[in-house]
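A short worksheet on the structure shown next.
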Amino acid sequence: MAQEKALTNGAAAAAALASGIGSLALGLFTTLAQAIVPVKDALNLYNPVGPLSGKTTAAVAVWVVSWAILHGLWKDRQVEFGRVFLATLILIALGLLGTFPPFFEAFGG
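Going by our numbering, the sequence shown opens with residue 3, and the numbers climb by one from there.
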């Protein structure tokens, strides 16, 4: 009988943590665009949309790259999912804070 391969949670943990990293990136790009005019100008990839086009494009790129790296590192590993999930929730909360207008408007621009 064929030996069963043990299931691991690394791939799922990588996807979860990457979503938190992408969320944080969106919050960071949003706040930086408000605070630093050259960043705002650089993130303006499509005039009708303004810098939102660059913020979301860059955040998706960060998410995909982080997911690919974490997946490569963790796909065959068993990781402590509770810690990864907690880190993911913290990153998502910080990303949400960065996209909250009273927060990013405090940085001027």
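Cβ atoms here follow ideal geometry from the backbone N, Cα and C, with glycine treated the same way.
Only a predicted model underlies this, so the values are computations on that prediction, with no experimental measurement involved.
- In the DSSP assignment, alanine 27 falls within the alpha helix (DSSP H) that extends over 12-37.
- Contact between threonine 101 and glycine 56 does not hold, since the beta-carbon distance rounds to 14 Å and is not under 8 Å.
- For the pair of segments examined, the stretch 56-76 was found to touch the stretch 14-24: the number of CB pairs separated by less than 8 Å reaches three.
- If you compare the alpha carbons of Ala95, Leu91 and Ala14 with that of leucine 75, the shortest gap goes to Ala14.
- Between glycine 12 and arginine 85, the C-beta gap is not smaller than 7 Å, which leaves the two residues out of contact.
- Remark: C-beta atoms of alanine 16 and leucine 72 approach each other more closely than 7 Å.
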